[in-house]
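Engineer:
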Amino acid sequence: MQSEMQARDEVPGGAAPGSNISVLTSEGDGTPRLGARVFPLERWMARRHAVVGAEVAVTASLLGLLPASPTVVMVVAPDVTVGAVVDRLLPAACGMLPAGDSGSDTSTDTGTGTASLTLGVASPHPVRSATAGPLAMYNQHLEALPEALVEAVAVARRRGLVTAHGNAVLLLQPFVPATASAVVQASPARTVPVRIDGRWGLTEASSPADTFEVPADGDTISERLAWKPDAQVVADGGTHSVRLPVSWRYRYTLTRETVRRLATLARDAAVAAGRSLTLDIALGAQATVVLRCRPTRD
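Here our numbering runs 13 ahead of the position in the sequence shown, where the first position is 1.
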């Protein structure tokens with residue numbers, strides 16, 4: 014563990030003082046040891062796959078290219094009882110988010126005001142193409158995050174979503190209210206079309222999605238419209254399903270202009286990364302934000 018987690022002045026890229034926080038624990042024989050580490054998502058992570066895993070490393074390498082959501086990375090050491098450090102881990106993580114995002118009020122198109130953050134289990138390895146992998150995400154009020162963090166680490170360990178050294182890696186982001194969401198799969202090979210799945214509201218793998226395929230020329234878009242009676246939206250303490258107005262149920266979630274824009278964004282990212290990617294994207298009234306960027310294996 015000590016060989017993997019470097020001291021602050023040894024971090025590649027020279028992280029600024031105060032930009033990462035170590036949380037100690039005294040489990041077992043009572044001797045203090047490293048329990049977790051908290052970092053803002055930064056470029057140096059692109060060269061530290063063993064510490065942060067494939068998803069975080071690839072996302073870090075593309076920070077100048079993707080409109081990424083503000084993200085804090087929490088690396089929990091193996092065999093650490095998270096409940097013993099959660100009271101220090103979460104304040105440190107929330108304190109790294111931009112002012113006004115941590116616990117601030119947001120709203121959805123349903124008019125429900127919330128104070129939510131999104132906690133996710135980062136994928137330590139490339140996932141199968143066209144899937145998001147066996148991941149868990151929690152949209153929670155700040156008060157509910159301690160329990161969600163403990164459960165997220167348990168899920169990561171139970172499903173083998175840990176780095177080569179056994180670290181569970183979690184991502185904390187401000188919740189992004191989305192009118193629509195998209196999962197985009199792109200290859201650096203120009204002969205492979207970009208595939209986009211679009212849904213109203215938040216991404217839910219089990220819900221119907223419109224599908225689009227965009228070739229390299231961007232002209233001949235292939236479309237398949239899905240019947241979408243429901244959508245996932247943020248609610249107090251998480252998410253819930255709502256019935257959509259009839260006029261929205263058989264209507265494309267994404268315009269052709271948006272489809273082309275997302276395809277170009279994803280293709281450029283895949284070319285820059287030199288590998289296939291799956292991007293989770295939230296489309297709100299004001300901005301388009303990339304929430305997750307996972308390398309895929311063919």
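Note that beta-carbon positions come from the ideal geometry of N, C-alpha and C, so glycine has one too.
By Cβ distance, which residues of its chain are closer than 6 angstroms to Ala-199, with the 5 residues on each side in sequence left out?
Structural biologist: Val-207, Ala-279, Arg-280, Ala-283 and Leu-290
Engineer: Under 8 angstroms Cβ to Cβ from Thr-277, same chain only, skipping five residues before and after it: list those, please.
Structural biologist: Gly-231
Engineer: Beta carbon of Ala-63, beta carbon of Met-87: below 9 angstroms?
Structural biologist: no
Engineer: For the region 134 to 142 and the region 90 to 110, state whether three or more C-beta atom pairs, one from each stretch, are separated by less than 8 angstroms.
Structural biologist: no
Engineer: Going by DSSP, which residues form a beta bridge with Thr-309?
Structural biologist: Val-140
Engineer: Looking at the structure shown, is Glu-160 part of a helix, part of a strand, or coil, going by DSSP?
Structural biologist: helix
Engineer: With DSSP collapsed to three states, give me the class of Asp-281.
Structural biologist: helix
Engineer: On a Cα-Cα basis, can you pick out the residue from Gln-299, Ala-157 and Glu-236 that is closest to Arg-269?
Structural biologist: Glu-236
Engineer: Would a C-beta distance cut-off of 9 angstroms place Leu-296 and Ser-194 closer than the cut-off?
Structural biologist: Going by beta carbons, Leu-296 and Ser-194 fall inside the 9 angstroms limit.
Engineer: Just confirm the distance between the C-beta atoms of Ala-106 and Leu-185, as a whole number of angstroms; I'd bet it's less than 8 angstroms.
Structural biologist: 5 angstroms
Engineer: For Ser-39, count the other beta carbons within 10 Å of its own beta carbon; 16 or more makes it buried, fewer makes it exposed. Which is it?
Structural biologist: exposed
Engineer: Tell me which residue opens and which closes the alpha helix (DSSP H) that Trp-261 is part of.
Structural biologist: 259 to 262
Engineer: If you compare alpha carbons, which of Leu-79, Gly-214 and Glu-68 is closest to Pro-242?
Structural biologist: Gly-214
Engineer: Should Val-182 and Val-134 be called a contact, given that it needs their Cβ atoms to be closer than 9 angstroms?
Structural biologist: yes
Engineer: What is the rounded straight-line gap between the Cα of Val-85 and the Cα of Cys-306?
Structural biologist: If you take the alpha carbons of Val-85 and Cys-306, they lie about 14 angstroms apart.
Engineer: Taking 7 angstroms as the limit between beta carbons, can you name the residues of its chain near Gln-19, skipping five residues before and five after?
Structural biologist: The pLDDT assigned to Gln-19 is 36, lower than 50, so where the model puts this residue is not dependable; a value taken from the coordinates is nonetheless given after this. Nothing listed; no residue qualifies.
Engineer: Considering only DSSP beta bridges, list what Ser-35 is partnered with.
Structural biologist: Answer is Arg-50, bridged to Ser-35.
Engineer: If distances are taken between C-alpha atoms only, which option among Met-150, Leu-267 and Ser-82 comes closest to Pro-111?
Structural biologist: Ser-82
Engineer: How big is the Cα-Cα spacing for Gly-211 and Thr-94?
Structural biologist: Their backbone Cα atoms lie some 38 angstroms apart in a straight line.
Engineer: Give the single residue among Leu-37, Trp-261 and Ile-294 whose Cα lies nearest to the Cα of Phe-188.
Structural biologist: Ile-294
Engineer: Just tell me which of Asn-180, Ala-157 and Pro-201 has its CA closest to the CA of Ala-285.
Structural biologist: Pro-201
Engineer: What three-state label does DSSP hand Gly-297 in the structure shown?
Structural biologist: coil
Engineer: Buried or exposed, going by whether 16 or more other CB atoms sit within 10 Å of the CB of Val-166?
Structural biologist: buried
Engineer: How many angstroms separate the CA atom of Leu-267 from the CA atom of Arg-273?
Structural biologist: Leu-267 and Arg-273: Cα-Cα distance of roughly 10 angstroms.
Engineer: Name the DSSP beta bridge partners of Ala-199, please?
Structural biologist: Under the DSSP definition of a beta bridge, Ala-199 partners with Leu-290.
Engineer: What is the rounded straight-line gap between the Cα of Val-168 and the Cα of Leu-158?
Structural biologist: 15 angstroms
Engineer: Using the beta-carbon count (16 or more within 10 Å), is Arg-61 buried or exposed?
Structural biologist: buried
Engineer: For Pro-190, is the classification buried or exposed, using 16 other Cβ atoms within 10 angstroms of its Cβ as the cut-off for buried?
Structural biologist: buried
Engineer: Looking at the C-beta of Asp-230, does it have a partner C-beta in chain C at a distance below 9 angstroms?
Structural biologist: No chain C is present in this structure, which holds just one protein chain.
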